Each structure stands twice: as C-alpha cells, then as structure tokens.
Amino acid sequence: MSPSGERAAGHGRFGAVRLGDGPVVTRMGCAAVAPAGGAEAGRAVLRRALRLGITYFEVGAGAGDLVREALHPYPREVVLAVTVGAAEGAHARPESLRGQVERMLRVLDADRIGLVHLRAADGVPVRESFGALADLCAAGLVGRLGLRGAGVEEIADACAVAPVAAVHRDVFPGPRGPRRFARAGRDDDVLELCENEGIAFAVSSPLAPGSLSPSALAVLDGVAARYEATRAQIALAWLLCRSRATLAVPAAADPARLRELVCGADHLLDPEDLTVLDGLR
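Just so you know, the UniProt record's numbering puts 6 at position 6 of the sequence shown, and the rest follows in order with no gaps.
(1) I'd like the span of the beta strand (DSSP E) that includes residue 86, first residue to last.
(2) Thinking just about the alpha-carbon of each residue, which of 153, 146, 273 and 236 is nearest to the one in residue 261?
(3) First and last residue of the alpha helix (DSSP H) that includes residue 190?
(4) Considering only residues of the segment 57-125, which uninterrupted alpha helix (DSSP H) runs meet the minimum length of 4 residues and lie entirely inside it, listed in chain order?
(5) Check whether the segment 86-103 and the segment 38-50 are in contact - that is, three or more C-beta pairs closer than 8 angstroms.
(6) Taking contact to mean 3 or more Cβ pairs, one atom from each stretch, closer than 8 angstroms, check whether the segment 74-88 and the segment 46-59 are in contact.
(7) Does at least one heavy atom of the ligand GDP sit under 7 angstroms from the Cβ of residue 55?
(8) Could you pull the start and end residues of the beta strand (DSSP E) that residue 24 belongs to?
(9) Quick one: what does DSSP say residue 202 is sitting in, helix, strand or coil?
(10) Can you list, in chain order, the residues of its chain with a C-beta nearer than 7 angstroms to that of residue 240? Leave out the 5 residues immediately preceding and following it.
(11) Mapping DSSP to helix, strand and coil, what is residue 132?
(12) How long is the line joining the alpha carbons of residue 205 and residue 263, rounded to whole angstroms?
(13) Quick check on residue 180: does DSSP put it in helix, strand or coil?
(14) Go through the segment 201-270 residue by residue and report every complete run of the alpha helix (DSSP H) that reaches 4 residues or more, in order.
(15) May I ask you to list the residues that DSSP assigns as paired with residue 17?
(16) According to DSSP, what are the bridge partners of residue 32?
(17) Work out the CA separation of residue 47 and residue 70 for me, nearest whole Å.
(18) Run the CB neighbour count on residue 150, radius 10 Å, all protein chains shown included, and call it buried at 16 or more, exposed below.
(19) Leaving out the 5 sequence neighbours to the left and right, which residues in its chain are closer than 7 angstroms to residue 129 when beta-carbon positions are compared?
(20) Compute the beta-carbon to beta-carbon distance between residue 115 and residue 19, rounded to the nearest angstrom, for a pair I have assumed lies under 8 angstroms.
(21) Enumerate in chain order the residues of its own chain whose CB-to-CB distance from residue 163 is below 8 angstroms, with the five nearest sequence positions on each side excluded.
(22) In whole angstroms, what separates the C-alpha of residue 189 from that of residue 131?
(23) What is the DSSP secondary structure of residue 140, reduced to helix, strand or coil?
(24) By the three-class DSSP mapping on this structure, what secondary structure does residue 167 have?
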C-alpha cells in the first residue's frame, strides 16, 4: 500500500460480495450522509471512496444531492442503494413506494437505482410492499431489492415475492442496552439466513459509543495494539471476518477517516483474537 493508503478496497484481502444474483461490489462500502463538516466535506468523502475503489454507496436521507454532485456521471461499476418505506413521514404502503423511488431517481439524476431497500412497517404486509417494488424492477427503474431492519420472518415473506439481494441491519447496540459484541455484529439468525440464501448482509457498524464497558474497551485496545491499528479498524476487521456475506457500510466524517477505515478492512485477525472479540460485552 502506498504511504497515503490509496489502494482500491476491492483489491484487499476481503474481496467482494455479490448482491444476490446481481452485481458484485466491494465488501467495504460507503454510507453517504450529510456530515457535520458541510457539503464540501461530504463530497470529498464520496470522491475519495471512489478513488479507493469502493463501488457500493448507501444514500442516506437527505444525501441524494450530495451523491449526485460528487459522483455523477456514475461509473458503470458503482451501485447506489436507497431506502424507502416507513421513515421520516413516509410509509410502506404500495401506492407510496413508487413516488418515493421516482423522487430519488430525480434527485440522483439517474435512470435506475441499483438497489432499493424496503423498510417495512407494522400494518402493511411485507408481501404487498415488496410486490410493489418488484413491479418497479420489472419496469426497469430498480435493479435489485433489499430489506432494511428486517427479521427472519420478514425476509422469508419478501423472498416469496421476489429475490432479496441484501439485508441491511443497523447492528450496533440500541437504547435498550448493550448487547454482546458478537451478537451485535453477527445478528445470528438473520446472518445465517443470508449466508444460506446468497443474500448480502450489509451492516453500518459493529460498535457504537457506550456499547462496551471500560474493561472491554481496554481489551479491544490491546488487540488493536497488536496489529498497530485503531479501535475502529479492528472493529471493522472483526465484522468482516465474521462472514463472507458481510458488506460493511460505515460513514466517515472526512477523507482521512474514510482512509483509516479502508485500511482497517485489510487486517486479517487471528482466530484467537476473533474469539476474544466475540466475548466482549
């Protein structure tokens, strides 16, 4: 690797992952969000990600303009992923989903969106919502379909309607309290289903602030020191080592942070260290 860390992510030891029966993307993706540093910082992150070889971009709420300004015209190998359904005043009823997708097409200035995740909602059967998105695939507006925040039953319901290419889980511990480090990254039942069915398992982060005790963080720092890596790099490497189905999609506040994370994806952890990390809480 060059001193600046500018090596294509897809050429690292973690390789790539296929989105169901669709395109192959780098196992290190990039979440496009509106950073605290402003639009220029956000565009710089996305352009650096492209130079590093990243080919999968999750378009966060309100980040469509940022993605268009930074990446358009989109290289053929780039896959843009958006989420529609129950979020920010929208809902998952079939009649609403087409409008949400068409709006994102206009914002992104694209003819087709590579991957659309459905965030399902109580009261709206997954099969109905997913069927509406399958119609958009047939119309050529969407490439592949995924689910966000779905459990095993929802995934099975969706698969009965159309192929599921990816499942995105926000895997870090939530407000209900800390979960085991291993459980946070593996989300066992969903990941096992994804592995068996050839579905990509996209995750935002294995580690959230406050999710581990001080003693556990000390152990994590000890592992990081052995690899001359940062805490974030080891957490990302651990996440990728758990399964070949995993697609890590972290957000970065600036290009330097993105480069740090990409370098973390090159660490291959020893089995002993994986066992240690699996037991942290």
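Beta carbons: idealized from backbone N, C-alpha and C, even for Gly.
Predicted model, so just to flag it, every value in this text is computed and none were measured.
On the basis of the data shown:
(1) It is not in any beta strand (DSSP E) - residue 86 carries neither H nor E in the DSSP assignment.
(2) 236
(3) 188-197
(4) DSSP runs (the alpha helix (DSSP H)) wholly in the segment 57-125: 64-71 and 94-108.
(5) Taking a contact to require three or more Cβ pairs closer than 8 angstroms, the segment 86-103 and the segment 38-50 do not qualify as touching.
(6) yes
(7) What this structure holds is no ligand at all, so the ligand GDP is not there to describe.
(8) 24-26
(9) strand
(10) 14, 27, 246, 248 and 265
(11) helix
(12) 16 angstroms
(13) Residue placement at residue 180 is flagged as unreliable, the pLDDT there being 44, under the threshold of 50; a coordinate-derived value is accordingly withheld.
(14) 214-226, 231-241 and 255-264
(15) 25
(16) 59
(17) Rounded to whole angstroms, residue 70 and residue 47 show a C-alpha spacing of 6 angstroms.
(18) With at least 16 other beta carbons inside 10 angstroms of its own, residue 150 counts as buried.
(19) The residues are 85, 92, 94, 97, 118 and 120.
(20) Sure, about 6 angstroms apart at Cβ, within 8 angstroms.
(21) 20, 21, 144 and 145
(22) 24 angstroms
(23) coil
(24) strand
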